[in-house]
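Start counting the sequence shown at 1; every next residue gets the next number (the UniProt record's numbering). Single-structure report; data block below.
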Amino acid sequence: MTTTRMRYVEMRLGPEPMAEPYIIEVHCTSCEAASTPAPEQVPGEQRDKAEEWALAHTGKADAEGRHHTGYRVTVTMFWRVTPSEDIDPPAAARGRG
């Protein structure tokens, strides 16, 4: 029988400090063309660029003369959970299995 010891540890969830705040990509649902996400220099810049890409893509007719009007938008965010105290087992116990 295995004994497990559990305890309550407060944790905070927040943005990953070493990552971009978020990444926006736009994919055309007709031809699967996609925007290129770029690092954001000023707040809202990624969204503006994604919207501009979709509008420009819609403005170009394909080989059959159709304009693509459907898009899938993917927003990727990076989070980090920060415990109020160490939650990993002590170094001496890590090697035992």
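Note that the Cβ used here is the ideal one computed from N, Cα and C, for glycine as well.
* Asked: Around the Cβ of A54, are there at least 16 other Cβ atoms within 10 angstroms (buried) or fewer (exposed)?
  -> Your numbering for residue 54 matches position 54 in the sequence shown. With 16 or more other Cβ atoms within 10 Å, it is buried.
* To the nearest angstrom, how far is it from the Cα of S30 to the Cα of G14? -> The sequence position of residue 30 within the sequence shown is 30, counting from 1. The sequence position of residue 14 within the sequence shown is 14, counting from 1. So the two alpha carbons sit approximately 36 Å from each other.
* Does the distance from the C-beta atom of W79 to that of E40 stay below 8 Å? -> In the sequence shown, counting from the first residue as 1, residue 79 sits at position 79. In the sequence shown, counting from the first residue as 1, residue 40 sits at position 40. The Cβ atoms of W79 and E40 lie no closer than 8 Å to each other.
* Asked: Straight-line CA distance for V73 to E45?
  -> Walking along the sequence shown from the start, residue 73 turns up at place 73. Walking along the sequence shown from the start, residue 45 turns up at place 45. Note on geometry: alpha-carbon atoms of V73 and E45 lie some 15 Å from one another.
* Buried or exposed (CB count within 10 angstroms, at least 16 for buried), A61 -> Position 61 of the sequence shown holds residue 61. Classification for A61: exposed.
* Three-state secondary structure (DSSP) of G72 -> Within the sequence shown, residue 72 is the residue found at index 72, counting from 1. What sits at residue 72 in the sequence shown is Arg, not Gly. Collapsing the DSSP output to three states places R72 in a strand.
* Asked: Where P83 and R5 are concerned, what is the direct C-alpha to C-alpha distance, given to the nearest angstrom?
  -> One-based indexing of the sequence shown puts residue 83 at position 83. One-based indexing of the sequence shown puts residue 5 at position 5. Distance between the alpha carbons of P83 and R5 is about 17 Å.
* To do: Report the rounded CA-to-CA distance for R12 versus E85, giving the unit in angstroms.
  => Working through the sequence shown from its first residue, we reach residue 12 at position 12. Working through the sequence shown from its first residue, we reach residue 85 at position 85. The alpha-carbon atoms of R12 and E85 are separated by roughly 11 Å.
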